[in-house]
Amino acid sequence: MTNLILNEALSLPESAFDISEHLGFSDKEAAKWAWYELAGSVLSHYLVDREARLDALLKWFYQDLGFCARESYFSTEAADLASCITTRQGNSTTLATVLMLLGKQLDLVLQPLLLPGTTVLSCRIDDNVRYIDPLTGQPLTRHQLHVLVRGELGNGAPFKPRYLKPASLKRLLSRMLHELKAGAILASQFESAMECCNLLLQWHEDDLNLNRERAFIAQQLGCISVAAADLRHFVDNSPHDPVTELVKLQLKELNDEVEVYH
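All residue numbers for the sequence shown refer to numbering that gives the first Met the number 0, where the first residue is 0 and numbers rise by one.
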C-alpha cells in the first residue's frame, strides 16, 4: 500500500487524500466531494482582469468561505489537506495548497514557496509579483518574507534566493508529510508518525535525519531493534556530523536494552 501511494503519478489534491486515508487521518471520499463543491463554486469569480480575479478569489476564500488558521496549528488536522478542505481550517501549507488549487481553476498561477517554518504563495501577473500570506490572504513584502525566515532561523539568517523558487509537487507533499509526522508525534500517534517516516524515506532515502527520527519513534513503540538499526545507519553514514557522538551514546543505551529483553 505504501509503495502504491508513491509510485502512482502524483497529483493534487488526490495524492494528498490518498496519503491521508492511508495514515488513517481522513475519509478520502468526503474530502473529494468537499473539493468538487469548492472547485465548482469558484468559477463564478472568473473576472476578465487577472488582478481583480485574484482579489475576488482572496475575498471569497477568506471572507465568504471563512478559511483560516486552525487554533491547534501544529496538529495533524491542520497539516492534513483533506481536513483543511472539509473544515476550512489548516496550517500555512494546507491553506496555501487549497488556495493554489482554486487559483488554478481560475487560470491564476499561484506558486508555493517553502520558507523555513512556513509556506507562502507567490503570484506573477504580467510584471507584478505578489506574495500572499496563506493564513490571512494579506500581501507580504520581500522584507516581511525575510522577517519570517529570521523568526524561524534567528536574526542573522540571510534570505537565500532558493526561498523564492516555487516548490515542486513532490517537495510540497514532502512538507505536508513532515508536518503530519510532527503532529502525530505531538499527539503520541506513533504508528502514524512511523508510517510518515517510511513514506518520506522512500522519496528521500539519503536523509539520515529521517533515520534518527524514525529511531526515536520506534523506541516509543518498543521496537528497540528497529531503533538501533536506524541509529547504526546514521552513525555509519555520518561520521563527521556534530551529533554523531550523542547518537553513539543513544545506540549504546538501546543495545543494552536489547540485551535485557533477550
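Glycine included, every Cβ here is placed at the ideal spot set by N, Cα and C. For clarity, every value in this text was computed on a predicted model and none was experimentally measured.
Whose CA, out of the options, lies closest to the CA of residue i?
| i | options | result |
| --- | --- | --- |
| D235 | I216, L147, R211 and L220 | R211 |
| A30 | S40, R174, F16 and G39 | F16 |
| S173 | E36, H203 and V128 | H203 |
| G65 | P238, D106, L109 and V97 | V97 |
| A217 | L253, P241, E244 and L245 | L253 |
| F233 | S224, Q219, A214 and G221 | A214 |
| L230 | D26, C222 and Q249 | Q249 |
| D48 | V146, V225, L107 and P157 | L107 |
| S82 | L199, K27 and L176 | K27 |
| H177 | S187, E194, P165 and L163 | E194 |
| P111 | L198, W32, K251 and M99 | M99 |
| R69 | T86, P157 and L105 | T86 |
| K159 | L144, S237 and L46 | L144 |
| G102 | C67, Q201, V146 and F60 | F60 |
| D255 | D240, A226 and L37 | A226 |
| L134 | L109, K164 and S91 | S91 |
Drop a sphere of 10 angstroms on the beta-carbon of residue i, count the other beta-carbons inside from all chains shown, and report buried for 16 or more, exposed for fewer.
| i | result |
| --- | --- |
| S191 | buried |
| R115 | Arg is not the amino acid found at residue 115; the sequence shown has Pro there. Classification for P115: exposed. |
| T140 | exposed |
| G153 | exposed |
| V119 | buried |
| E76 | buried |
| H44 | buried |
| G89 | buried |
| S19 | buried |
| V41 | buried |
| G182 | buried |
| K58 | exposed |
| V242 | exposed |
| Y35 | exposed |
| E151 | exposed |
| V128 | exposed |
| L277 | The chain is shown from 0 up to 261; residue 277 falls before or after that span and cannot be answered. |
| S14 | buried |
| D79 | buried |
| K251 | exposed |
| Q188 | buried |
| D205 | exposed |
| K169 | exposed |
| S74 | buried |
| K180 | buried |
| S25 | buried |
In the structure shown, what three-state DSSP assignment does residue i receive?
| i | result |
| --- | --- |
| G150 | helix |
| Q201 | helix |
| N210 | helix |
| A68 | strand |
| Q188 | coil |
| Q293 | Residue 293 lies beyond the residue range present for the chain, which begins at 0 and ends at 261; the question has no answer from this structure. |
| G61 | A small fix is needed here, since residue 61 is Tyr in this sequence, not Gly. Residue state, collapsed to three classes: helix. |
| M0 | Residue placement at M0 cannot be trusted, given a pLDDT of 48 that sits under 50; the coordinates are not used to answer. |
| S40 | helix |
| K169 | helix |
| A55 | helix |
| K164 | coil |
| A30 | helix |
| V259 | At V259 the pLDDT is 47, less than 50, meaning the model places this residue with poor confidence; the figure from the coordinates comes in the next sentence. It is helical. |
| G221 | coil |
| K251 | helix |
| H232 | helix |
| H177 | helix |
| D17 | helix |
| K103 | helix |
With which residues is residue i paired in a DSSP beta bridge?
| i | result |
| --- | --- |
| V119 | L112 |
| I131 | L120 and P138 |
Could you check whether the Cβ of residue i sits closer than 8 angstroms to any heavy atom belonging to the ligand ATP?
| i | result |
| --- | --- |
| Q137 | No copy of the ligand ATP appears in this structure; indeed no ligand is present at all. |
Does the stretch 36-54 come into contact with the stretch 121-137, if we say contact requires no fewer than three beta-carbon pairs (one atom in each stretch) closer than 8 angstroms? yes
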